[in-house]
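Engineer: The structure that follows is given in the form of structure tokens.
Protein chains: 2
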Amino acid sequence: AHDRIRLSSLLDKVVSAEEAASHIKDGMMVGMSGFTRAGEAKAVPMALAARAKTEPFKITLVTGASLGNDLDKQLAEAHVLARRLPFQSDPALRKAINAGEVMFIDQHLSETVEHLRTHQLGPINVAVVEAVGITAQGGIIPTTSVGNSASFAILAEKVIVEINTSQPMGLEGLHDIYIPTRRPFREPIPVVGAESRVGLPFIPVPPEKIAAIVITSKLDSASNVLPPDAETAAIAGHLMEFLGHEVKKGRLTERLQPLQAGIGTIANAVMHGFIESPFYDLTMYSEVLQDSTFDLFDAGKLNFASGSSITLSKPKYEQVMADITRYKPRLILRPQEISNHPEIIRRLGIIAINTALEFDIYGNVNSTHVGGTQMMNGIGGSGDFARNGYLSVFVTKSIAKDGALSSVVPMVSHVDHTEHDVDIVVTEVGLADLRELAPRERARVIIDNCVHPLYRDALDDYFQRALARGGHTPHLIEEAFSWHVRARETGRMLAPPHLAASA
Amino acid sequence: AHDRIRLSSLLDKVVSAEEAASHIKDGMMVGMSGFTRAGEAKAVPMALAARAKTEPFKITLVTGASLGNDLDKQLAEAHVLARRLPFQSDPALRKAINAGEVMFIDQHLSETVEHLRTHQLGPINVAVVEAVGITAQGGIIPTTSVGNSASFAILAEKVIVEINTSQPMGLEGLHDIYIPTRRPFREPIPVVGAESRVGLPFIPVPPEKIAAIVITSKLDSASNVLPPDAETAAIAGHLMEFLGHEVKKGRLTERLQPLQAGIGTIANAVMHGFIESPFYDLTMYSEVLQDSTFDLFDAGKLNFASGSSITLSKPKYEQVMADITRYKPRLILRPQEISNHPEIIRRLGIIAINTALEFDIYGNVNSTHVGGTQMMNGIGGSGDFARNGYLSVFVTKSIAKDGALSSVVPMVSHVDHTEHDVDIVVTEVGLADLRELAPRERARVIIDNCVHPLYRDALDDYFQRALARGGHTPHLIEEAFSWHVRARETGRMLAPPHLAASA
Ligand SMILES: CC(C)(COP(=O)(O)OP(=O)(O)OC[C@H]1O[C@@H](n2cnc3c(N)ncnc32)[C@H](O)[C@@H]1OP(=O)(O)O)[C@@H](O)C(=O)NCCC(=O)NCCS
Ligand SMILES: CC(C)(COP(=O)(O)OP(=O)(O)OC[C@H]1O[C@@H](n2cnc3c(N)ncnc32)[C@H](O)[C@@H]1OP(=O)(O)O)[C@@H](O)C(=O)NCCC(=O)NCCS
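Spelled out as structure tokens, the structure:
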């Protein structure tokens, strides 16, 4: 382990996790590595959760995105988290958030470090960053994610490094650490393609800021996405057909444009759809690289992938890490500020594919709030990509909870993405191309193409009655949430068929 | 007039407005200059409206933003408009849109030309662009706005130029025409400050594409914003106090950061608030430059202003145009793609000040849809700035229609800007700083600081009852729109006081 610390003056900073964690005190703001369950600091947060059992204290925890190894669960259950940002995806933490016990700030993932840098958030008292090693200059080499780690370490008062000996040393050279220059003299960010390397392969921090080093060997936890099923395959099929059509119209080539895919089961399944597609020489400029990225490499479909983390299933993790030097020339991991930067996303013309919980007849999307009130995960980077992409696609199954809920509704109960930022919506039923359509026209193609047969007549009935009342975006405002109200009261959005006349 | 056409081979293209308009045929897509009532083509659209009286036809009309001289009214009433994008602000056109007679595509103002360039929209059959003149190379010199004129002219099959002899020749040299390079090899946009000049002072088009030139002398119509009043002065006061506080905290200097201000009465009044403020050496990187911009120049407060149009009251127009060469060294007009570009807005760290119709207890903003259904103007550039700015401020009076409506509501009836994009909300009652707060905390500061006394108890009552039900963003989904429903039915959001127990 100690040969991973190449700056010998740092060797005597190696301490136990408990001792390192003692730098973190009640009321502090702590920045930790970790992005969608990859590359999170592991030993120190566990030591914190353990300590809280005998000595209660609270912190504000800022990360890249969600943590693996049940850390958000352990920290939530130990009541360590007063505030949490900018993303999470843990059932126990979610429960605490929805109960109002943890104040959760749901943020566009590109923005958190801007807020820190401008002192609107912060200061970060302690940064805890997982690394494969420390360079001879004291540079921190991240592991399977970059997330916000670089800015946390640069801006923090103290830095704790967790050297994870299970993460292969071959990850060195994968990362591209670029920090935008300071306003008012900020220069353009020089990334002009997924392949652009514009920064350092390590996080530069003055070695004297490194307060403690912990040696650990706990692995990232495996991704929890489910394999593709009939519905997600149908969604992928509709999208491939649409993209093929765009190629025929001359609006895209078969190389497409850089692809982004959101987190979760559906987005991963959709990316798998490219394996059997006619498209080739693809590139990804995304956040999380899931199993599908490496399957696309192996299928000879993908040329290059840029992301902020690598989150894999257990078998895929083993295969990829064993072979990381072969994949490395075609991979870059960047700070999430850069992977998700509006400047770059717009410049590259990204095809953004994200997942909705529900969308409405006008194409507004709810990705976060079940029933308008209960937080699921958070907006994550979906807004960074949907707003600034060349093409913004949202996918979802047409129904949820065995058909008790329709994912296409009269009006979404919470808006994460307005109709302006939603070009294409796809369910297993079909795809609606909403580009350059007025709201009334959007409703028509959505109802005709995306809605489950169980709900189509009722949705069309709502739309017809709203149309009769008029407006640019017709609604029956007193009835717009009636499906959600009924679901709250009865568990189902529509009355059972024999009562459906009153739906 | 003819001395304004410096390329002599174009002299024989001069024709009447009617003849020029004859290039525009039923079913065509037409791109016209004009941005918030400034620099619109005038003679050709009037000729179109006149022709439609005897010969019915329909077009898709794309502009920069709203048109002056009642052109949107005339074209709407002549039933010429099948489709209209990306913005408008005319009462007659608004009526046709809300009746479903004109399909209106309400778009982020930075995005329209991207859609044209990628053939998602278009092609533009004819572009009609107002100019002060044509250079010896055939370059078109715009007038009081750039808007989308450059890309319209470059991408159109044919170009009609309206040379407006009332617009002073001194406008030459004011414009900075930069078009992003083509994907997949797009380069960073080199603008690094409001002062950056990165393009040409004219719109480059091959002279053979200029199909007709019309000479006109009709002036821009005067801006219709109302003067500051007690409420708008109070809003400005709260904002100045907040900014002063930010300076004290060391988060801003007294030079602040580049300012953007939205359209309309309230935004203009707020900008006037800077005249009496302690801030100095200010810059603007905005869209529309209103009277307040020139008042700030004259007060010695403003160093430089970049925008996409100049829209002034009648006396201000006369004064500024007479003196344009004096102002010119401190002014740039850019294509709206550049004035509103996410890349630049984020880079410069803009303080964005836009107007809401209503906002809700969580800080979601509705800027466009009265009662959730009736289009007012459109989202305009508010999303470009609110999403990407350093600080996103929304202002509004706390009540509308003499108090019959509250502009702070349980849930907005339409979402244009989600809570993620809203940092500060201000009414004449007070200011709420929402940064880094969870939804429950946002509600508390909004209810305590911004709501009109008439509505405060009722709003707090809603929030308390929602809180009791729980959730990350607590709502009583069955009651969330009850205020809007009551307003629709009775004209008032709350029952009169003696019935208020049941509110
Ligand atoms: C929206 C999101 C939750 C979907 O996740 P997924 O794994 O692809 O989709 P699933 O279909 O498995 O749905 C996840 C859960 O939501 C539920 N769900 C789906 N649609 C629903 C709806 N309309 N109403 C209520 N619940 C719904 C599912 O039933 C499932 O619940 P379960 O976990 O109890 O089984 C996820 O993509 C997300 O959090 N997105 C927001 C952040 C984001 O887009 N990030 C991308 C860049 S970081
Ligand atoms: C929101 C907007 C309409 C406000 O305009 P304004 O001139 O500053 O504000 P006013 O208070 O005069 O309000 C305009 C109208 O809206 C009405 N209004 C205001 N609040 C309202 C509310 N909560 N509900 C219903 N109507 C409301 C006013 O009564 C007034 O109506 P009237 O024209 O019949 O008198 C305007 O700023 C806009 O269109 N914004 C969206 C686009 C944008 O932000 N662009 C900026 C970059 S382009």
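As given, the protein sequences belong to chains A and B, one line each in that order. Read left to right, the first sequence gives residues 1 to 503 (the numbering used here). Read left to right, the second sequence gives residues 1001 to 1503 (the numbering used here). Cβ coordinates follow ideal geometry from the N, Cα and C atoms, glycine included.
Would you give the residue range spanned by the beta strand (DSSP E) that A/Arg456 belongs to?
Structural biologist: The sequence position of residue 456 of chain A within the first sequence is 456, counting from 1. From DSSP, A/Arg456 is part of no beta strand (DSSP E) but of the alpha helix (DSSP H) over Pro453 to Arg469.
Engineer: Should A/Glu287 be labelled buried (16 or more other beta-carbon atoms within 10 Å of its own) or exposed?
Structural biologist: Within the first sequence, numbered from 1, the residue matching residue 287 of chain A stands at position 287. Counting Cβ neighbours within 10 Å, A/Glu287 comes out buried, since at least 16 surround it.
Engineer: Go ahead and label A/Asp26 buried or exposed: buried means 16 or more other beta carbons lie within 10 angstroms of its beta carbon, across all protein chains shown.
Structural biologist: For the purposes of this step, residue 26 of chain A is taken as the residue at position 26 of the first sequence. By the 10 Å Cβ count, A/Asp26 comes out exposed.
Engineer: Any idea if B/Gly1491 is buried or exposed, counting beta-carbon neighbours within 10 angstroms, 16 or more meaning buried?
Structural biologist: Taking the second sequence and counting its residues from 1, one reaches residue 1491 of chain B at position 491. Exposed, by the Cβ-count rule.
Engineer: Evaluate contact between the region 279-299 of chain A and the region 253-263 of chain A, counting only Cβ atoms and requiring at least three cross-stretch pairs below 8 angstroms.
Structural biologist: As far as the Cβ criterion goes, the region 279-299 of chain A touches the region 253-263 of chain A, which means the pair count is three or higher.
Engineer: Can you find the residues in the same chain that come closer than 7 angstroms, C-beta to C-beta, to B/Ile1338, ignoring five residues on each side of it along the sequence?
Structural biologist: Translated into the one-based positions of the second sequence, residue 1338 of chain B becomes position 338. Excluding sequence neighbours, B/Ile1338 sits near Tyr1178, Ile1189, Val1191 and Ile1344.
Engineer: Which chain B residues are close to A/Met375, counting only those with a beta carbon under 8 angstroms from its beta carbon?
Structural biologist: In the first sequence, counting from the first residue as 1, residue 375 of chain A sits at position 375. Those are Gly1471, His1472 and Thr1473, listed as they occur along chain B.
Engineer: Determine the DSSP secondary structure at A/Asp384, reduced to helix, strand or coil.
Structural biologist: For the purposes of this step, residue 384 of chain A is taken as the residue at position 384 of the first sequence. Three-state DSSP puts A/Asp384 in a helix.
Engineer: Assuming B/Ser1413 contacts B/Tyr1455 (C-beta within less than 8 angstroms), just tell me the rounded distance between them.
Structural biologist: For this step, residue 1413 of chain B is matched to residue 413 along the second sequence. For this step, residue 1455 of chain B is matched to residue 455 along the second sequence. 15 angstroms between Cβ atoms; not a contact.
Engineer: Under 7 angstroms between C-beta atoms, does A/Gly403 make it to chain B?
Structural biologist: As a working note, residue 403 of chain A is residue 403 in the first sequence. No, A/Gly403 does not count as interfacial toward chain B.
Engineer: Beta-carbon separation of A/Cys450 and A/Val425 under 7 angstroms?
Structural biologist: Stepping through the first sequence from its first residue, residue 450 of chain A is reached at position 450. Stepping through the first sequence from its first residue, residue 425 of chain A is reached at position 425. Taking 7 angstroms as the Cβ cut-off, A/Cys450 and A/Val425 qualify as a contacting pair.
Engineer: Quick check: the Cα distance between B/Leu1333 and B/Met1169, rounded to an integer number of angstroms?
Structural biologist: Along the second sequence, one-based indexing puts residue 1333 of chain B at 333. Along the second sequence, one-based indexing puts residue 1169 of chain B at 169. Spanning the two alpha carbons is a distance of roughly 15 angstroms.
Engineer: According to DSSP, is A/Asn303 part of a helix, a strand, or is it coil?
Structural biologist: In the first sequence, counting from the first residue as 1, residue 303 of chain A sits at position 303. If DSSP states are grouped into helix, strand and coil, A/Asn303 belongs with the strands.
Engineer: From the DSSP secondary-structure annotation, give me the bridge partner or partners of B/Asp1360.
Structural biologist: The residue labelled residue 1360 of chain B in the question sits at position 360 within the second sequence. For B/Asp1360, which the question treats as bridged, DSSP gives the partners B/Val1409.
Engineer: Take every Cβ of the region 1009-1028 of chain B, pair it with every Cβ of the region 1046-1059 of chain B, and state whether three or more of those distances are shorter than 8 angstroms.
Structural biologist: The answer is yes - the region 1046-1059 of chain B touches the region 1009-1028 of chain B, with three or more Cβ pairs under 8 angstroms.
Engineer: According to DSSP, which residues form a beta bridge with B/Asn1354?
Structural biologist: Mapped onto the second sequence, residue 1354 of chain B falls at position 354. In the DSSP output, where bridge partners are listed per residue, B/Asn1354 has B/Phe1394.
Engineer: Could you say if the region 1354-1362 of chain B and the region 1397-1411 of chain B meet the contact criterion of at least three C-beta pairs nearer than 8 angstroms?
Structural biologist: The region 1354-1362 of chain B vs the region 1397-1411 of chain B: in contact.
Engineer: May I have the straight-line CA-CA distance separating A/Thr143 from A/Tyr327, to the nearest angstrom?
Structural biologist: In the first sequence, the residue the question calls residue 143 of chain A occupies position 143. In the first sequence, the residue the question calls residue 327 of chain A occupies position 327. In a straight line, the C-alpha of A/Thr143 is about 15 angstroms away from that of A/Tyr327.
Engineer: Hey, would you say the C-beta of A/Ala400 is under 6 angstroms away from at least one heavy atom of ligand 1?
Structural biologist: In the first sequence, the residue the question calls residue 400 of chain A occupies position 400. Yes, ligand 1 has a heavy atom inside 6 angstroms of this Cβ.
Engineer: So, are the CB atoms of B/Leu1391 and B/Ile1446 less than 7 angstroms apart?
Structural biologist: As a working mapping, residue 1391 of chain B is identified with position 391 in the second sequence. As a working mapping, residue 1446 of chain B is identified with position 446 in the second sequence. No.
Engineer: Does the distance from the CB of A/His108 to the CB of A/Asp384 come in under 7 angstroms?
Structural biologist: By one-based count along the first sequence, residue 108 of chain A stands at place 108. By one-based count along the first sequence, residue 384 of chain A stands at place 384. It is a contact, given that the beta carbons lie within the stated cut-off.
Engineer: Anything in the region 1184-1210 of chain B with a Cβ closer than 9 angstroms to a Cβ of chain A? List those residues in chain order, please.
Structural biologist: Cβ contacts with chain A: Pro1184, Phe1185, Arg1186, Glu1187, Pro1188, Ile1189, Pro1190, Val1191, Val1192 and Gly1193.
Engineer: Can you tell me whether DSSP reads A/Pro474 as helix, strand or coil?
Structural biologist: Residue numbering aside, residue 474 of chain A sits at position 474 when the first sequence is read from its first letter. Coil.
Engineer: Excluding five sequence neighbours on each side, which residues of the same chain lie with their C-beta closer than 7 angstroms to the C-beta of B/Ile1215?
Structural biologist: Counted from its first residue, the second sequence places residue 1215 of chain B at position 215. The answer, listed in chain order, is Ala1001, Val1014, Ile1163 and Thr1165.
Engineer: Could you compute how far the alpha carbon of A/Ser502 sits from the alpha carbon of A/Pro410?
Structural biologist: As a working mapping, residue 502 of chain A is identified with position 502 in the first sequence. As a working mapping, residue 410 of chain A is identified with position 410 in the first sequence. Confidence in A/Ser502 is poor, its pLDDT being 45 and thus under 50, which makes the residue's placement too unreliable to answer from.
Engineer: Give, in chain order, every unbroken run of the beta strand (DSSP E) that is at least 3 residues long and sits entirely within the region 1095-1153 of chain B.
Structural biologist: Listed in chain order, they are 1126-1131.
Engineer: Mind listing, in chain order, the residues whose beta carbon lies closer than 5 angstroms to a non-hydrogen atom of ligand 2?
Structural biologist: The set, ordered by position in the chain, is B/Gly1262, B/Ile1263, B/Gly1264, B/Thr1265, B/Ile1266, B/Asn1354, B/Thr1355, B/Leu1357, B/Glu1358, B/Ser1367, B/Val1370, B/Met1376, B/Asn1377, B/Gly1380, B/Gly1381, B/Ser1382, B/Ala1400, B/Leu1405 and B/Ser1407.
Engineer: With 7 angstroms set as the bound, which would you pick, yes or no: does the beta-carbon of B/Gly1372 sit closer than that to a beta-carbon of chain A?
Structural biologist: Counting from 1 along the second sequence, the entry for residue 1372 of chain B is found at position 372. It does; some Cβ of chain A falls within 7 angstroms.
Engineer: Taking only runs that begin and end inside the region 203-228 of chain A, name each unbroken beta strand (DSSP E) of 3 or more residues, in chain order.
Structural biologist: Here the runs fully enclosed are 210-216.
Engineer: Apply the 10 Å Cβ neighbour rule to B/Ser1008 and answer buried if 16 or more other Cβ atoms are within range, or exposed otherwise.
Structural biologist: Along the second sequence, one-based indexing puts residue 1008 of chain B at 8. Exposed.
Engineer: Among B/Val1102, B/Arg1440 and B/Lys1042, which has the Cα closest to the Cα of A/Gly470?
Structural biologist: Within the first sequence, residue 470 of chain A is the residue found at index 470, counting from 1. The candidate whose alpha carbon is nearest that of A/Gly470 is B/Val1102.
Engineer: Who are the Cβ neighbours of B/Ala1212 in its own chain at under 6 angstroms, not counting the five residues just before and after it?
Structural biologist: In the second sequence, the residue the question calls residue 1212 of chain B occupies position 212. Counting only Cβ-Cβ distances below 6 angstroms, and skipping sequence neighbours, we find Lys1013, Val1015, Ala1020 and Ile1160.
Engineer: Would you say the beta carbon of A/Glu287 comes nearer than 6 angstroms to a heavy atom of ligand 1?
Structural biologist: One-based indexing of the first sequence puts residue 287 of chain A at position 287. Yes, the Cβ of A/Glu287 comes within 6 angstroms of a heavy atom of ligand 1.
Engineer: Confirm, please, whether the CB-CB distance from B/Gly1064 to B/Phe1035 is below 7 angstroms.
Structural biologist: By 1-based counting over the second sequence, the position of residue 1035 of chain B is 35. By 1-based counting over the second sequence, the position of residue 1064 of chain B is 64. Contact: yes.
Engineer: For a contact meaning CB atoms closer than 7 angstroms, what does B/Leu1121 contact in chain A?
Structural biologist: Against the second sequence, residue 1121 of chain B aligns to sequence position 121. Here the neighbours are Glu436.
Engineer: Can you list, in chain order, the residues of the region 1093-1108 of chain B whose Cβ is nearer than 8 angstroms to any Cβ on chain A?
Structural biologist: Under the 8 angstroms Cβ criterion, the region 1093-1108 of chain B contributes Ile1097, Asn1098, Ala1099, Gly1100, Met1103, Phe1104, Ile1105, Asp1106, Gln1107 and His1108.
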